[in-house]
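These protein sequence lines map, in sequence, to chains G and B. Basically the numbering used here = 1-based index in the first sequence + 729. Basically the numbering used here = 1-based index in the second sequence + 31. In this text, a Cβ means the ideal position worked out from N, Cα and C, and glycines have one as well.
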Amino acid sequence: MSTSAALRRTALYESHKRLGGKIVDFHGWELPVQFESIMREHEATRHRCGLFDVSHMGQVFVTGPDALAFLQKVNANDIARVKPGRAIYSHLPNEQGGVVDDVIISCLAKDRYLVVVNAATADKDFAWFQKHAKGFDAELENKSDQYGMIAVQGPRAADVAGLVAPEAPGLPRFGALERDLCGQRGFITRTGYTGEDGFEFIASNEIVARVWEDLLAKGRSFGAQPCGLGARDTLRLEAGYLLYGQDIDEGLTTYEADYGWVVKLDKGDFIGRDALKKQKAEGIKRKLTGIRLLERGVPRAGAPVMIDGKEAGKLCSATFSPSLRAGIGTGYLDRPDLAPGTKCGVMLHGREIPAEIVKTPFYASPNLKKGA
Amino acid sequence: MLDPKKLKYLKSHEWLDLQGDAGTVGISDHAQKEITDVVFIEPPKLGRKVKQGEACCVVESVKAAFDIYAPVSGEIVAVNADAVKNPALVNAEALGKGWLFKLKASAPGEAAKLMDYPAYEEFLKAEAAHGSH
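Right under this line is the structure:
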């Protein structure tokens, strides 16, 4: 992508400016990093409800008799497990087992699926899909430019979403539904990137601002507030979610990212299966590992992690965790054997700060029962 | 709260309140907004002698770490224990309860090199025009 390319704005840009959002360049998109304060927005999402503009995310529709067969080929997860009205998290592997993207796929009908892809990878993913769709009776449509997307997240998300879409609270976790939003076709999934209960609304660009304003206005009674990318990042890292391009990419595999549960080797053939099968049998040499500082300090991406005085890897994501009031981070360490509780260190401002290996997620919300 | 008009400023957004040789240092209200939620303060050691422009304190926000530079040379005589304990004070009251440290200036005349309030306001406008983010 050219760096001189004009920045893109979502349909909610004017609203963000009006609400005092601090706009930054996020992979070519002008998006708010915060409105009021990252900490307060983080806490609002953990305890009440946060509203996020995630319109930069892309939408690819796969339709036709071979839609499922095609998706099985390009996904590590078993897409046959998702029935109409359900969604699933998956990785798109390359032949080496590296990750082309991480996605959420909703089954809208037996022969129609919606793939939500990352913003920076949308065009690459679509080209990847086209390349591998030959021979399949399936139509691919990249509608990323036509849809906006809003995440409604937090313990009161169901109350807030219900004010705009009464059937939303009835959705199970990872449920998906297609419905009219302000007279146009839209989609609601019970998914998110915060580690809280929540919903994602996908609506056409013409009406997404109306949905946003509606959620803001009606959600106030439940303490809903607009949140920026800053809180989105602290929330997702606490919840142990990967950020594509930072935590995973084409040179790192799903196993190395410690997301092995996504890979279903027994589902039949798919791109990257041989490489992944081999890696699983041989074992990984590096693993994405969580660390938590035991003293004051905020770790940053790029900071070396020390084990017994030797660098074992660098952090790829790191932040101050507002929920734990401590520094946390994840990095690929060349010691996949390390158990939680193992003491380590993180280099900060030229000093080694005591830390320990911890299990992820760093923070498990009491509002979201595991597997619910 | 101190009157922002009576303070001196650095381009790195520290303020200095100087009464004789007694200086108090903090970050400007503009700076606290820019760096967002302050979560840790690494204060200078008491008794440390610092030179004008020397990095002597670290303020960490959720987003990044920021060095704080001594506005004038001198000896650190106090650090704000309340702010170290509750760093949100820096955001709540950057020009008051959120001060960072006090120093005894060894050459108070150095303050003449710092910006006064109108100059700092002009500096902020120029920075904004250049698109500081």
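Proximity of residue i and residue j at Cβ, strictly below 8 Å
i, j, result
"residue 737 of chain G", "residue 750 of chain G", "no"
"residue 840 of chain G", "residue 794 of chain G", "yes"
"residue 1044 of chain G", "residue 1058 of chain G", "yes"
"residue 932 of chain G", "residue 970 of chain G", "no"
"residue 1019 of chain G", "residue 1087 of chain G", "yes"
"residue 901 of chain G", "residue 885 of chain G", "no"
"residue 785 of chain G", "residue 760 of chain G", "yes"
"residue 145 of chain B", "residue 32 of chain B", "no"
"residue 972 of chain G", "residue 1046 of chain G", "yes"
"residue 873 of chain G", "residue 974 of chain G", "no"
"residue 93 of chain B", "residue 99 of chain B", "no"
"residue 1081 of chain G", "residue 1021 of chain G", "no"
"residue 687 of chain G", "residue 790 of chain G", "In the structure displayed, chain G extends from 730 to 1101; residue 687 of chain G sits before or after that span and is not available."
"residue 994 of chain G", "residue 1005 of chain G", "yes"
"residue 824 of chain G", "residue 1051 of chain G", "no"
"residue 139 of chain B", "residue 41 of chain B", "no"
"residue 107 of chain B", "residue 128 of chain B", "no"
Whole-angstrom distance between residue j and residue i, CA atom to CA atom
i, j, result
"residue 160 of chain B", "residue 154 of chain B", "10 Å"
"residue 935 of chain G", "residue 74 of chain B", "51 Å"
"residue 78 of chain B", "residue 87 of chain B", "12 Å"
"residue 774 of chain G", "residue 880 of chain G", "11 Å"
"residue 137 of chain B", "residue 1039 of chain G", "43 Å"
"residue 827 of chain G", "residue 834 of chain G", "19 Å"
"residue 1120 of chain G", "residue 837 of chain G", "Residue 1120 of chain G lies beyond the residue range present for chain G, which begins at 730 and ends at 1101; the question has no answer from this structure."
"residue 748 of chain G", "residue 996 of chain G", "48 Å"
"residue 946 of chain G", "residue 858 of chain G", "39 Å"
"residue 908 of chain G", "residue 763 of chain G", "30 Å"
"residue 949 of chain G", "residue 743 of chain G", "20 Å"
"residue 1109 of chain G", "residue 849 of chain G", "It is not possible to answer for residue 1109 of chain G, since the shown part of chain G is limited to 730 through 1101."
"residue 797 of chain G", "residue 917 of chain G", "21 Å"
"residue 149 of chain B", "residue 123 of chain B", "23 Å"
"residue 814 of chain G", "residue 976 of chain G", "30 Å"
"residue 904 of chain G", "residue 1096 of chain G", "17 Å"
"residue 868 of chain G", "residue 854 of chain G", "15 Å"
"residue 70 of chain B", "residue 1056 of chain G", "10 Å"
"residue 752 of chain G", "residue 987 of chain G", "33 Å"
"residue 984 of chain G", "residue 141 of chain B", "59 Å"
"residue 769 of chain G", "residue 121 of chain B", "15 Å"
"residue 817 of chain G", "residue 1041 of chain G", "33 Å"
"residue 831 of chain G", "residue 1000 of chain G", "14 Å"
"residue 845 of chain G", "residue 930 of chain G", "12 Å"
"residue 910 of chain G", "residue 746 of chain G", "24 Å"
Chain-ordered chain B contacts of residue i [CB-CB under 7 Å]
i, result
"residue 763 of chain G", "67"
"residue 767 of chain G", "67, 68 and 93"
"residue 1059 of chain G", "Those within 7 Å of residue 1059 of chain G in chain B number zero; the least Cβ separation is about 17 Å."
Local Cβ density within 10 Å of residue i, reported as buried at 16 or more and exposed below that
i, result
"residue 810 of chain G", "exposed"
"residue 860 of chain G", "exposed"
"residue 1008 of chain G", "buried"
"residue 732 of chain G", "Unreliable positioning characterises residue 732 of chain G in this predicted model, as indicated by a pLDDT of 49, which lies under 50. The coordinate reading is nonetheless provided below. Exposed is the call here."
"residue 63 of chain B", "buried"
"residue 990 of chain G", "exposed"
"residue 1002 of chain G", "buried"
"residue 34 of chain B", "exposed"
"residue 925 of chain G", "buried"
"residue 896 of chain G", "exposed"
"residue 1069 of chain G", "exposed"
"residue 914 of chain G", "exposed"
"residue 50 of chain B", "exposed"
"residue 1032 of chain G", "buried"
"residue 1083 of chain G", "exposed"
"residue 1109 of chain G", "Any question about residue 1109 of chain G goes unanswered here, given that chain G covers just 730 to 1101."
"residue 1024 of chain G", "exposed"
9 Å Cβ cut-off: residues of chain B touching residue i
i, result
"residue 1082 of chain G", "Simply none; closest approach about 11 Å."
"residue 756 of chain G", "Within 9 Å Cβ-Cβ: nothing; residue 756 of chain G doesn't reach chain B, min ~15 Å."
"residue 963 of chain G", "93"
"residue 785 of chain G", "Ordered by position in chain B, no residue passes the 9 Å Cβ test against residue 785 of chain G, which lies about 17 Å from the chain."
"residue 745 of chain G", "None at all; the shortest Cβ gap to chain B is about 14 Å."
Chain G residues whose Cβ lies nearer than 8 Å to that of residue i
i, result
"residue 91 of chain B", "1026, 1027 and 1049"
"residue 71 of chain B", "1025, 1026, 1027 and 1049"
Any non-hydrogen atom of the ligand COA closer than 7 Å to residue i Cβ
i, result
"residue 130 of chain B", "By its list of ligands, the structure shown contains no ligand whatsoever, and the ligand COA lies outside what it can speak to."
Partner residues on chain B for residue i, Cβ-Cβ distance less than 8 Å
i, result
"residue 959 of chain G", "67, 93 and 94"
Per the contact definition of three or more C-beta pairs closer than 8 Å, is the stretch 957-969 of chain G in contact with the stretch 884-899 of chain G? no
Does the stretch 948-956 of chain G touch the stretch 799-814 of chain G, meaning 3 or more C-beta pairs lie closer than 8 Å? no
Flag this pair as touching only if the stretch 1068-1076 of chain G and the stretch 116-123 of chain B have three or more C-beta atom pairs under 8 Å; answer yes or no. no
Is the stretch 54-70 of chain B touching the stretch 129-146 of chain B, taking contact as three or more C-beta pairs under 8 Å? yes
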